[in-house]
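Student: Following this note's numbering, the numbering of the sequence shown begins with 1 at its first residue and continues without gaps. From the three backbone atoms N, C-alpha and C, an ideal C-beta is built for every residue, glycine too.
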Amino acid sequence: MLKNHFSILSLYDTMDLLERFVDYWKQNFAALSITKQQYLVAVSGGIDSSVLVHLMHCLDMDFELAHCNFKLRGEESERDELFVKTLADKYNRKLHLKRFDTNKIAIENKTAIQETARKIRYDWFKELTTTSFLITAHNADDNVETFLMNASRGTGLQGLTGIQNINLHRRIIRPLLFAFRKDILLYAASNHINWVEDSSNTKEDYTRNFFRRQIIPLIQQQYTTASENIAATIERLHEVNVLYQTAVIKQKEKLLLQKGKEIHIPILKLLRSNAIHTITWEIFKEYNFSSAQINEILKLMHAENASYIQSATHRVIKNRKWLIVTDIISTEHSLVIIEQHDAKIHFPSGNLQFELLEGNINISADLNIAMLDADLIQYPLILRKWKQGDYFYPLGMKKKKKLSRFMIDQKLSSIQKENVWVLEANKSILWVIGYRIDDRFKIAASTAKCIKITYANKP
Numbered sequence: 001m002l003k004n005h006f007s008i009l010s011l012y013d014t015m016d017l018l019e020r021f022v023d024y025w026k027q028n029f030a031a032l033s034i035t036k037q038q039y040l041v042a043v044s045g046g047i048d049s050s051v052l053v054h055l056m057h058c059l060d061m062d063f064e065l066a067h068c069n070f071k072l073r074g075e076e077s078e079r080d081e082l083f084v085k086t087l088a089d090k091y092n093r094k095l096h097l098k099r100f101d102t103n104k105i106a107i108e109n110k111t112a113i114q115e116t117a118r119k120i121r122y123d124w125f126k127e128l129t130t131t132s133f134l135i136t137a138h139n140a141d142d143n144v145e146t147f148l149m150n151a152s153r154g155t156g157l158q159g160l161t162g163i164q165n166i167n168l169h170r171r172i173i174r175p176l177l178f179a180f181r182k183d184i185l186l187y188a189a190s191n192h193i194n195w196v197e198d199s200s201n202t203k204e205d206y207t208r209n210f211f212r213r214q215i216i217p218l219i220q221q222q223y224t225t226a227s228e229n230i231a232a233t234i235e236r237l238h239e240v241n242v243l244y245q246t247a248v249i250k251q252k253e254k255l256l257l258q259k260g261k262e263i264h265i266p267i268l269k270l271l272r273s274n275a276i277h278t279i280t281w282e283i284f285k286e287y288n289f290s291s292a293q294i295n296e297i298l299k300l301m302h303a304e305n306a307s308y309i310q311s312a313t314h315r316v317i318k319n320r321k322w323l324i325v326t327d328i329i330s331t332e333h334s335l336v337i338i339e340q341h342d343a344k345i346h347f348p349s350g351n352l353q354f355e356l357l358e359g360n361i362n363i364s365a366d367l368n369i370a371m372l373d374a375d376l377i378q379y380p381l382i383l384r385k386w387k388q389g390d391y392f393y394p395l396g397m398k399k400k401k402k403l404s405r406f407m408i409d410q411k412l413s414s415i416q417k418e419n420v421w422v423l424e425a426n427k428s429i430l431w432v433i434g435y436r437i438d439d440r441f442k443i444a445a446s447t448a449k450c451i452k453i454t455y456a457n458k459p
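(1) So, for Q220: in the same chain, excluding its five sequence neighbours on each side, which residues have a beta-carbon less than 8 Å away from its beta-carbon?
(2) Determine the closest residue to I267 out of L186, Y287, L298, with distance taken between C-alpha atoms.
(3) Buried or exposed: T461, going by 16 or more other Cβ atoms within 10 Å of its Cβ?
(4) Roughly how many angstroms lie between the CA atoms of A140 and H238, to the nearest whole one?
(5) I'd like to know whether the C-beta atoms of T161 and I234 end up nearer to each other than 8 Å.
(6) Hey, out of A306, Q310, Y244, whose CA is closest to Q293's CA?
(7) Look up P394 in the DSSP assignment and give the residues it is bridged to.
(8) Does the structure place the region 270–289 close enough to the region 196–212 that three or more beta carbon pairs sit under 8 Å?
(9) Taking buried to mean at least 16 other C-beta atoms within 10 Å of its own C-beta, is T331 buried or exposed?
(10) On the DSSP letters alone, give me the boundaries of the alpha helix (DSSP H) that R208 sits inside.
(11) Tell me whether T493 sits in a helix, a strand or coil according to DSSP, three-state version.
(12) Leaving aside the five residues before and after R20 along the sequence, list all residues of the same chain whose C-beta is less than 6 Å from its C-beta, in chain order.
(13) Assuming D439 and M397 are in contact, meaning their beta carbons sit under 8 Å apart, how far apart are those beta carbons, in whole angstroms?
(14) Pairing CB atoms from the region 100–108 with CB atoms from the region 126–145, are three or more of them under 8 Å?
(15) Please list, in chain order, all residues of the same chain as I166 whose beta carbon is under 8 Å from its beta carbon, the five residues on each side excluded.
(16) If we count the other Cβ atoms within 10 Å of its Cβ and call it buried at 16 or more, is G154 buried or exposed?
(17) Please name the residue in F180, R93, I437, N362 whose C-alpha comes closest to that of A232.
(18) Are the Cβ atoms of A66 and V51 separated by less than 8 Å?
(19) Enumerate in chain order the residues of its own chain whose CB-to-CB distance from S291 is below 7 Å, with the five nearest sequence positions on each side excluded.
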C-alpha cells in the first residue's frame, strides 16, 4: 500500500524533507543547536514519531527516546512498546520507558481517559527534561485539526494560532509542524521506515479522529487545498497574535490597578474600552473565569453594590465604581489564643505587638494602635475573624452597635469586610483591629497600666 501511494504521488519533495526540516529548525529554533544540545523524543511508534527519529538520526543529533505504555489497548500496547525498544536498539539510543495503569488513575482522579493519559505523560516528560528539551512529532495536519476543533468549540485568537511550535517554559519543541501527513508518508516510503498503527485512530468517538476522518474530508470535497490554506492562515494568525498581545498588554496597563493582593478595575474606563468583550476576556481569563462568564462580568458592572461572581480560584466583586478581583477567601473563621506573656502574634492578616506601659501614657490616634486599660482586660484574649451578630461599643459611644452596621457606616467594601479581625476578652470585643477600640476598655484618668497593641498589616 505504501509503495503504491508513493508511486502515484511521485517524488513531491520527499528528497528534501530533511532539508526542509533543517530550514524550519533554523528559522524557528535558532537558539537551540541541532548538534550541541541534548533532546528527548516522545515516541509512540506511529509514523510521525518514527520519521522524526530518522530525521534526527540523519542529522547526528544527540537524543534519547521516551515511550509511555498506557496499557489501554491490551496486546497492541505491548506491541507498541516492543517496537519502540527495537527502534531504540536500531539507532543505538537510550530508551526511557514508563508503564501506567491509566484506567485506575482516571478512576481515582475522576478524569476522562484521554485527559488522564495526556497529563500523566507530560508530567513524566517534565521529570525527564530538566536539562534537555522534549521533542514531539506533531505535524501540519494535527495543527489544522486543532484549529478547526478550537474554532468549533469557541476560542479566542490564541486558540486559532493552533499548536505552538515551541514552549520554552515547558521546554517543548515541535519541529515537524511544517510537514503534512502526506509528506511524512512519502518520506517513510522512500526511506523504508517502519512504524506501527494505533487502532484507536479509527475510532470516531474521539473528537480529533472525528474531525480527521469526517469533517476535513468533507471540506476538501469543496476545497481541495483546504488543509494547506488553513495552515497558511494559522501562520498569518501567529503574526496577528503578536500585535494583538501587544495591544492587550497596553490596555491592561491602563485598566488594572494592583492594591496588595487585589486587582482594582475602574468600571467607567472598562465600559469605554473598544472591543469591551475581548478585553474583559483577556483580563479575567487569567483568574480562571470561563468565556461563558464574560457576559456575567459585563452585567456585574451594572449590578447592585457588593454583587459578585466567582471562578474556581477567584472572585470579582462590584464595589461602587470598581470591579475588584481577589482570591477566594476561606469561610472558616481562624482563631488565635493569646496569653498574657505573649509579646508578638502572627495571624493571616499581619501581626500584633503587645507592650505594657505604666506611668504617664500618651494616647495615640493611630487606628493601627490600640491603647487599652490593662486592669479591665481578662486573659486569655481571642483573635478571630468577625462574624454575624458581633457587636461592640465604638469609642465615644455609650450604646452598643452591631459590627455589620459599623462596617457599613465605615463604607468598607465587601472584600475589606471579609478581612476584618476582632480582639476579644471574656466574650467582649476589645478592638475591631485597624478601625476602632471598644469604649468600655479605653484609657481613663484613673488608668495605672496600659496595654499598647500595634497592628502591622501584611504588605
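Tutor: Let's see:
(1) As a first step, residue 220 is located in the sequence shown; it is residue number 220 there, counting from the start. Cβ within range, chain order: A226, S227.
(2) One-based indexing of the sequence shown puts residue 267 at position 267. The residue with the shortest Cα to Cα distance from I267 is L298.
(3) Absent from the structure is residue 461, since the part of the chain shown begins at 1 and ends at 459.
(4) Here residue 140 is taken as the residue at index 140 of the sequence shown, counted from 1. Here residue 238 is taken as the residue at index 238 of the sequence shown, counted from 1. Distance between the alpha carbons of A140 and H238: 14 Å.
(5) Sequence index remark: in the sequence shown, residue 161 carries index 161 (1-based). Sequence index remark: in the sequence shown, residue 234 carries index 234 (1-based). A contact, by the Cβ cut-off of 8 Å.
(6) Within the sequence shown, numbered from 1, the residue matching residue 293 stands at position 293. Nearest of A306, Q310, Y244 to Q293, Cα basis: Q310.
(7) As a first step, residue 394 is located in the sequence shown; it is residue number 394 there, counting from the start. For P394, which the question treats as bridged, DSSP gives the partners D438.
(8) no
(9) As a first step, residue 331 must be located in the sequence shown, where it is residue number 331. Unreliable placement is indicated for T331, whose pLDDT of 39 sits below 50; the coordinate value is still reported in the next sentence. Exposed.
(10) For the purposes of this step, residue 208 is taken as the residue at position 208 of the sequence shown. R208 -> alpha helix (DSSP H) spans 207–210.
(11) Outside the shown range of the chain, which is 1 to 459, sits residue 493, and nothing can be said about it.
(12) Looking up residue 20 in the sequence shown gives position 20. A distance below 6 Å between beta-carbons, with the five flanking residues on each side excluded, links R20 to no residue of its chain.
(13) Position 439 of the sequence shown, counted from the start, is the residue given in the question as residue 439. Position 397 of the sequence shown, counted from the start, is the residue given in the question as residue 397. So it is a contact: roughly 6 Å between Cβ atoms.
(14) Proximity of the region 100–108 to the region 126–145 falls short of the contact definition, fewer than three beta-carbon pairs being nearer than 8 Å.
(15) One-based indexing of the sequence shown puts residue 166 at position 166. Around I166: N28, F29, I172, I173, R174.
(16) Taking the sequence shown and counting its residues from 1, the one referred to as residue 154 is at position 154. Counting Cβ neighbours within 10 Å, G154 comes out exposed, since fewer than 16 surround it.
(17) Mapped onto the sequence shown, residue 232 falls at position 232. Nearest C-alpha to A232: F180.
(18) The residue you call residue 66 lines up with position 66 of the sequence shown. The residue you call residue 51 lines up with position 51 of the sequence shown. No; because the gap between Cβ atoms is not below 8 Å, this pair is not in contact.
(19) Here residue 291 refers to the residue found at position 291 of the sequence shown. Excluding residues within five positions, the ones whose Cβ falls inside 7 Å are G154, W281.
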